[in-house]
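K.L.:
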Amino acid sequence: MSTFLRETSIVFNRQLRMNLRNPAWVIIGMLQPVLYLLLFGPLLEPVIGQLGVNQYTWFVPGMLVQLGIFGAFFAGFSLIGEWREGVIEAERVTPASRSALLMGRLGRDLLQLLVQALILVALGLVMGMDWNPGGILLGIVLTILLGGACAAASNAFALTVKSEDVMAPVINLVMMPVLLLSGILLPMSFGAAWLDTLADFMPIRHVVDAVRGAFFGEFDASKMGWGVGWTVLLFGLAVWWGTAVFKRENA
Amino acid sequence: MIHARGLVQTFTTGRGKEKKAVQAVDGVDLDVSEGEVVGFLGPNGAGKTTTLRMLTTLLKPTAGTATVAGYDVATQPVQVRRSIGYCSQVGSTFSGAYAGDEVVDHGMLYGMSRKDAVAKGQELFDRLQLDGLWRRMPKNMSGGQKRRLDIVMGLIHSPSLVFLDEPTTGLDPQARANLWEHIAGLRTEQGATVFLTTHYLDEADALADRIVIIDRGRIVASDTSDNLKAQVAGDLVDLEVSADEHVVVARDKLGSLAPDVTVEGRHVRGRVSRAGRAVPGLLRDLESSGVALDSIEVARPTLDDVFLTLTGRSLRDAEAAAEGAAEEGGPPGGVPPEAGATPSPTTTATSTGADR
Numbered sequence: 000m001s002t003f004l005r006e007t008s009i010v011f012n013r014q015l016r017m018n019l020r021n022p023a024w025v026i027i028g029m030l031q032p033v034l035y036l037l038l039f040g041p042l043l044e045p046v047i048g049q050l051g052v053n054q055y056t057w058f059v060p061g062m063l064v065q066l067g068i069f070g071a072f073f074a075g076f077s078l079i080g081e082w083r084e085g086v087i088e089a090e091r092v093t094p095a096s097r098s099a100l101l102m103g104r105l106g107r108d109l110l111q112l113l114v115q116a117l118i119l120v121a122l123g124l125v126m127g128m129d130w131n132p133g134g135i136l137l138g139i140v141l142t143i144l145l146g147g148a149c150a151a152a153s154n155a156f157a158l159t160v161k162s163e164d165v166m167a168p169v170i171n172l173v174m175m176p177v178l179l180l181s182g183i184l185l186p187m188s189f190g191a192a193w194l195d196t197l198a199d200f201m202p203i204r205h206v207v208d209a210v211r212g213a214f215f216g217e218f219d220a221s222k223m224g225w226g227v228g229w230t231v232l233l234f235g236l237a238v239w240w241g242t243a244v245f246k247r248e249n250a
Numbered sequence: 000m001i002h003a004r005g006l007v008q009t010f011t012t013g014r015g016k017e018k019k020a021v022q023a024v025d026g027v028d029l030d031v032s033e034g035e036v037v038g039f040l041g042p043n044g045a046g047k048t049t050t051l052r053m054l055t056t057l058l059k060p061t062a063g064t065a066t067v068a069g070y071d072v073a074t075q076p077v078q079v080r081r082s083i084g085y086c087s088q089v090g091s092t093f094s095g096a097y098a099g100d101e102v103v104d105h106g107m108l109y110g111m112s113r114k115d116a117v118a119k120g121q122e123l124f125d126r127l128q129l130d131g132l133w134r135r136m137p138k139n140m141s142g143g144q145k146r147r148l149d150i151v152m153g154l155i156h157s158p159s160l161v162f163l164d165e166p167t168t169g170l171d172p173q174a175r176a177n178l179w180e181h182i183a184g185l186r187t188e189q190g191a192t193v194f195l196t197t198h199y200l201d202e203a204d205a206l207a208d209r210i211v212i213i214d215r216g217r218i219v220a221s222d223t224s225d226n227l228k229a230q231v232a233g234d235l236v237d238l239e240v241s242a243d244e245h246v247v248v249a250r251d252k253l254g255s256l257a258p259d260v261t262v263e264g265r266h267v268r269g270r271v272s273r274a275g276r277a278v279p280g281l282l283r284d285l286e287s288s289g290v291a292l293d294s295i296e297v298a299r300p301t302l303d304d305v306f307l308t309l310t311g312r313s314l315r316d317a318e319a320a321a322e323g324a325a326e327e328g329g330p331p332g333g334v335p336p337e338a339g340a341t342p343s344p345t346t347t348a349t350s351t352g353a354d355r
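Respectively, the protein sequence lines represent chains A and B. Position 231 (the first sequence) corresponds to 230 in numbering that gives the first Met the number 0; numbering is contiguous. Position 347 (the second sequence) corresponds to 346 in numbering that gives the first Met the number 0; numbering is contiguous.
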């Protein structure tokens with residue numbers, strides 16, 4: 000095993016061990032999308048019915064992306080706790096690669112997200128979502144990549160500001176337009192034309208459209224191209240930013 | 000083991016028009032030999048931790064060069080990290096993880112196998128009196144136990160050079176004394192070179208072969224504790240006369256032995272060379288002149304006196320000034336205000352050094 004993979008797995012195992020010691024947070028993290036599914040999903044029937052599609056096949060992808068974004072954006076909070084206790088500095092004084100210190104943590108976040116996504120999809124299927132294995136798999140992969148981007152960005156931002164008091168309002172500030180302009184809760188096409196046009200400039204909307212398309216088994220090249228393209232680009236940029244911050248002297 | 004030349008670290012503080020450069024470390028030259036225990040002494044904000052962070056590759060020097068364990072800190076940071084152990088003043092373990100797991104993971108990041116890391120970790124737990132705490136979380140440990148755990152983390156890969164940043168800050172006297180024994184053992188049992196920063200005078204005095212004093216980012220002295228104290232002109236003699244009318248006579252009598260005499264109320268103070276021999280004669284002289292004393296104190300020079308002589312300020316005053324500056328917004332990554340230096344009986348004595 001290469002040194003990088005070995006160091007990444009050491010950090011990953013350590014992080015996973017800490018999560019398993021306190022699994023309550025994993026459950027709490029997915030409560031929001033599950034509650035949306037259970038309590039908001041039934042309200043969608045008359046609305047989504049106008050589109051002539053299964054409301055859960057339409058709604059679960061949105062919840063999946065929401066889970067990927069919201070859950071992962073909070074990853075930085077635990078990093079601030081570790082930084083405050085001197086763990087980050089202790090790791091940075093070892094010969095371990097800075098990228099491994101980030102990737103190990105990212106691995107933990109992605110595994111957690113995968114478990115949550117599988118539970119959410121299983122719940123969706125129980126509630127009547129269409130079974131489309133290939134599309135569901137692609138949707139989960141895109142969600143994991145988007146979650147990875149958000150987790151890496153959250154870690155980078157956390158190590159930059161080193162304050163939960165700054166993190167929380169900034170995350171809220173970013174999340175609100177993402178939630179409203181991505182078509183997670185309702186189709187953007189139902190709104191005014193200007194709102195629909197504005198939403199086209201929101202990268203997450205394209206990811207939601209791609210995941211939703213995959214869940215319906217509609218692999219439209221343009222829709223998939225935009226969704227996959229934005230997901231990969233965001234993932235690449237966020238990992239680059241995260242690694243740069245871990246390498247920085249004052250991190 | 001450590002050779003530094005002209006190390007400089009400049010921080011930028013403030014924003015916009017308030018933006019200004021702060022020279023935290025201003026041209027530090029340093030040499031530490033193998034097997035030495037060096038105490039890096041100075042008040043909060045003097046540049047101790049910043050220097051140490053540059054030597055441990057956590058901070059890139061703004062200017063200057065340094066080699067640690069034979070490797071250049073700027074161009075060979077990974078080799079430096081392999082060779083050193085580091086105990087930061089804020090700790091190194093997560094409070095909600097098991098102590099043993101933290102130590103083993105840390106050892107594995109140095110390339111050790113799990114088996115070797117467990118064996119070495121358990122050996123260090125025994126040596127640092129942490130036996131039985133392998134499966135305990137740091138949040139359930141005492142302050143002294145946590146600091147010893149930090150030292151275990153720093154020693155897990157058997158480094159030849161150990162950096163300890165304020166190792167006993169925040170500990171009670173008993174825990175400090177206990178930790179001192181373990182720090183002293185790093186050289187005797189491990190053969191390690193130790194570089195420790197502290198703002199406790201007694202700590203530097205008790206542990207270090209050599210003391211390097213830093214103030215305002217510059218090294219102002221480097222020598223053994225005895226040699227540094229010898230630079231201070233004599234022991235402090237503090238006479239408290241029983242009545243105000245005796246002050247003048249007492250001042251004249253003490254003045255015949257001490258070059259500078261100060262008077263504060265009924266206290267007459269001066270530094271007297273070899274006071275142990277001179278004071279009996281002084282007492283007889285005062286008695287024959289009809290001067291009655293309420294008390295007399297003779298204090299050997301302390302490192303605080305050395306600091307006072309070298310900088311014109313006592314360590315305690317410097318600490319207070321640094322804390323005041325920190326409240327107004329010190330450099331980023333600065334050391335938080337902590338407990339003051341150990342009080343010295345001579346900190347109110349006359350200032351013999353020029354202000355810098």
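In this text, a Cβ means the ideal position worked out from N, Cα and C, and glycines have one as well. Model, not experiment: these values are computed from the prediction.
At which residues does the beta strand (DSSP E) containing Leu145(A) begin and terminate?
P.N.:
Position 146 of the first sequence, counting from 1, holds the residue named residue 145(A). No beta strand (DSSP E) contains Leu145(A), which is instead part of the alpha helix (DSSP H) from Pro132 to Val160.
K.L.:
So with Cβ pairs under 8 angstroms, would you call Thr61(B) a contact of chain A?
P.N.:
Here the question's residue 61(B) lines up with position 62 in the second sequence. Chain A, which has no Cβ nearer than 8 angstroms to the Cβ of Thr61(B), makes this no.
K.L.:
So if I threshold CB-CB distances at 9 angstroms, which residues from the region 82-109 of chain B count as touching chain A?
P.N.:
Ile83, Gly84, Tyr85, Cys86, Ser87, Gln88, Val89, Gly90, Ser91, Thr92, Phe93, Ser94, Gly95, Ala96, Tyr97, Asp100, Glu101, Asp104, His105, Met107, Leu108 and Tyr109
K.L.:
State the Cα-Cα distance for the pair Ala23(A) and Met17(A), rounded to the nearest angstrom.
P.N.:
Within the first sequence, numbered from 1, the residue matching residue 23(A) stands at position 24. Within the first sequence, numbered from 1, the residue matching residue 17(A) stands at position 18. Ala23(A) and Met17(A): Cα-Cα distance of roughly 12 angstroms.
K.L.:
For Ser157(B), tell me which candidate among Thr92(B), Arg146(B), Ala116(B) and Thr74(B) has the shortest Cα-Cα distance.
P.N.:
For the purposes of this step, residue 157(B) is identified with residue 158 of the second sequence, where counting begins at 1. Per the Cα distances, Ala116(B).
K.L.:
Please check if any C-beta of chain B sits within less than 8 angstroms of the C-beta of Ala300(A).
P.N.:
Since the first residue of chain A shown is 0 and the last is 250, residue 300(A) is not available in this structure.
K.L.:
Would you say Pro330(B) lies against chain A (beta-carbon separation less than 8 angstroms)?
P.N.:
Counted from its first residue, the second sequence places residue 330(B) at position 331. Model confidence at Pro330(B) stands at a pLDDT of 39, short of 50, so the residue's coordinates are unreliable; what they give is reported in the following sentence. Output row for Pro330(B): interface = no.
K.L.:
How would you call Met175(A), buried or exposed, if buried means at least 16 neighbouring beta carbons within 10 angstroms?
P.N.:
Residue 175(A) sits at position 176 when you count from the first residue of the first sequence. With fewer than 16 other Cβ atoms within 10 Å, it is exposed.
K.L.:
Can you give me, in chain order, the residues of the region 16-43 of chain A that have a beta carbon less than 9 angstroms from any beta carbon in chain B?
P.N.:
Arg16, Met17, Arg20 and Asn21
K.L.:
Along the chain, where does the alpha helix (DSSP H) that runs through Thr2(A) open and close?
P.N.:
In the first sequence, residue 2(A) corresponds to position 3, counting from 1. For Thr2(A), the enclosing alpha helix (DSSP H) stretches over residues Thr2 to Arg20.
K.L.:
Figure out for me which residue from Asp130(B), Val297(B), Ala3(B) and Asp125(B) has the closest Cα to the Cα of Arg52(B).
P.N.:
As a first step, residue 52(B) is located in the second sequence; it is residue number 53 there, counting from the start. Closest option to Arg52(B), Cα to Cα, is Ala3(B).
K.L.:
To the nearest angstrom, how far is the alpha carbon of Thr187(B) from that of Phe162(B)?
P.N.:
Residue 187(B) sits at position 188 when you count from the first residue of the second sequence. Residue 162(B) sits at position 163 when you count from the first residue of the second sequence. C-alpha separation (whole angstroms): 16 angstroms.
K.L.:
By the three-class DSSP mapping on this structure, what secondary structure does Ile210(B) have?
P.N.:
In the second sequence, residue 210(B) corresponds to position 211, counting from 1. Residue state, collapsed to three classes: strand.
K.L.:
Would you kindly work out how many angstroms separate the C-alpha atoms of Val207(A) and Ala198(A), rounded to a whole number?
P.N.:
For this step, residue 207(A) is matched to residue 208 along the first sequence. For this step, residue 198(A) is matched to residue 199 along the first sequence. Near 11 angstroms, if we compare the C-alpha coordinates of Ala198(A) and Val207(A).
K.L.:
Going by other Cβ atoms of all chains shown within 10 Å of its Cβ, with 16 needed for buried, is Pro166(B) buried or exposed?
P.N.:
In the second sequence, the residue the question calls residue 166(B) occupies position 167. The residue is buried, with at least 16 neighbouring Cβ atoms inside 10 Å.
K.L.:
Quick one: complete alpha helix (DSSP H) runs, 4+ long, within the region 251-313 of chain B?
P.N.:
274-287 and 302-310
K.L.:
Considering only their Cβ atoms, is the gap separating Leu132(B) from Ile150(B) smaller than 8 angstroms?
P.N.:
Counting from 1 along the second sequence, the entry for residue 150(B) is found at position 151. Counting from 1 along the second sequence, the entry for residue 132(B) is found at position 133. In this structure, Leu132(B) does not lie closer than 8 angstroms to Ile150(B) by Cβ.
K.L.:
Going along the region 76-90 of chain A in order, which residues come within less than 7 angstroms of chain B, judged by CB to CB distance?
P.N.:
Glu81, Glu84, Gly85, Val86, Glu88, Ala89 and Glu90
K.L.:
Under 8 angstroms between C-beta atoms, does Met152(B) make it to chain A?
P.N.:
Along the second sequence, one-based indexing puts residue 152(B) at 153. Closer than 8 angstroms: yes.
K.L.:
Is there contact here, the region 194-205 of chain B with the region 164-180 of chain B, by at least three beta-carbon pairs under 8 angstroms?
P.N.:
yes
K.L.:
Give a yes or no on whether 8 angstroms exceeds the smallest Cβ distance from Pro94(A) to chain B.
P.N.:
Walking along the first sequence from the start, residue 94(A) turns up at place 95. So, interface residue.
K.L.:
Whole angstroms is fine: what's the gap from Ile143(A)'s alpha carbon to Thr2(A)'s?
P.N.:
Within the first sequence, residue 143(A) is the residue found at index 144, counting from 1. Within the first sequence, residue 2(A) is the residue found at index 3, counting from 1. Going from the Cα of Ile143(A) to the Cα of Thr2(A) covers about 25 angstroms.
K.L.:
On the DSSP letters alone, give me the boundaries of the beta strand (DSSP E) that Leu238(B) sits inside.
P.N.:
On the second sequence, position 239 is the one that residue 238(B) refers to. Segment Asp234 to Val240, the beta strand (DSSP E) holding Leu238(B).
K.L.:
Going along the chain, which residues of the region 47-77 of chain B sit with their C-beta nearer than 9 angstroms to a C-beta in chain A?
P.N.:
Answer set for the region 47-77 of chain B: Arg52, Thr55, Thr56, Leu57, Leu58, Lys59, Pro76 and Val77.
K.L.:
Using 8 angstroms as the threshold, is the C-beta distance between Leu136(A) and Trp130(A) below it?
P.N.:
As a first step, residue 136(A) must be located in the first sequence, where it is residue number 137. As a first step, residue 130(A) must be located in the first sequence, where it is residue number 131. Their beta carbons are not under 8 angstroms apart, which means Leu136(A) does not touch Trp130(A) by this criterion.
K.L.:
Would you tell me roughly how many angstroms separate the C-alpha atoms of Leu122(A) and Val227(A), rounded to the nearest one?
P.N.:
Sequence index remark: in the first sequence, residue 122(A) carries index 123 (1-based). Sequence index remark: in the first sequence, residue 227(A) carries index 228 (1-based). Near 25 angstroms, if we compare the C-alpha coordinates of Val227(A) and Leu122(A).
K.L.:
Do you know offhand how far Gly15(B)'s Cα is from Asp303(B)'s?
P.N.:
For the purposes of this step, residue 15(B) is identified with residue 16 of the second sequence, where counting begins at 1. For the purposes of this step, residue 303(B) is identified with residue 304 of the second sequence, where counting begins at 1. Distance between the alpha carbons of Gly15(B) and Asp303(B): 39 angstroms.
K.L.:
Is the CB of Arg13(A) under 8 angstroms away from at least one CB in chain B?
P.N.:
Counting from 1 along the first sequence, the entry for residue 13(A) is found at position 14. Output row for Arg13(A): interface = yes.
K.L.:
Decide if the region 28-40 of chain B is in contact with the region 81-90 of chain B; the criterion is three or more beta carbon pairs, one per stretch, under 8 angstroms apart.
P.N.:
no
K.L.:
Identify, in the order they occur along the chain, each residue of the same chain with its Cβ nearer than 6 angstroms to the Cβ of Met29(A), setting aside the five sequence neighbours on each side.
P.N.:
If you number the first sequence from 1, residue 29(A) lands on position 30. Gln115.
K.L.:
By Cβ distance below 6 angstroms, which residues in the same chain neighbour Pro76(B) in space, the five residues on each side in sequence not counted?
P.N.:
Locating residue 76(B) in the second sequence gives position 77, where the first residue counts as 1. Cβ neighbours of Pro76(B) beyond the five flanking positions: Thr56.
K.L.:
Would you kindly check if the distance between the Cβ of Gly143(B) and the Cβ of Leu170(B) is under 8 angstroms?
P.N.:
Taking the second sequence and counting its residues from 1, the one referred to as residue 170(B) is at position 171. Taking the second sequence and counting its residues from 1, the one referred to as residue 143(B) is at position 144. Yes.
K.L.:
Report, in whole angstroms, the separation of the C-beta atoms of Leu145(A) and Gly67(A), which I expect to be a contact under 8 angstroms.
P.N.:
As a first step, residue 145(A) is located in the first sequence; it is residue number 146 there, counting from the start. As a first step, residue 67(A) is located in the first sequence; it is residue number 68 there, counting from the start. With 8 angstroms as the limit, Leu145(A) and Gly67(A) qualify as a contact, their Cβ atoms being about 5 angstroms apart.
K.L.:
What is the DSSP secondary structure of Val7(B), reduced to helix, strand or coil?
P.N.:
Residue numbering aside, residue 7(B) sits at position 8 when the second sequence is read from its first letter. Val7(B) falls in the strand class under three-state DSSP.
K.L.:
Please report how far the alpha carbon of Asp130(B) lies from the alpha carbon of Ala98(B), in whole angstroms.
P.N.:
For the purposes of this step, residue 130(B) is taken as the residue at position 131 of the second sequence. For the purposes of this step, residue 98(B) is taken as the residue at position 99 of the second sequence. Rounded to the nearest angstrom, the two C-alpha atoms are 11 angstroms apart.
K.L.:
Please look up how many angstroms separate the CB atoms of Ile118(A) and Leu108(B), rounded, as I've assumed it's under 8 angstroms.
P.N.:
One-based indexing of the first sequence puts residue 118(A) at position 119. One-based indexing of the second sequence puts residue 108(B) at position 109. Their Cβ separation, rounded to whole angstroms, is 33 angstroms, which puts Ile118(A) and Leu108(B) out of contact at 8 angstroms.
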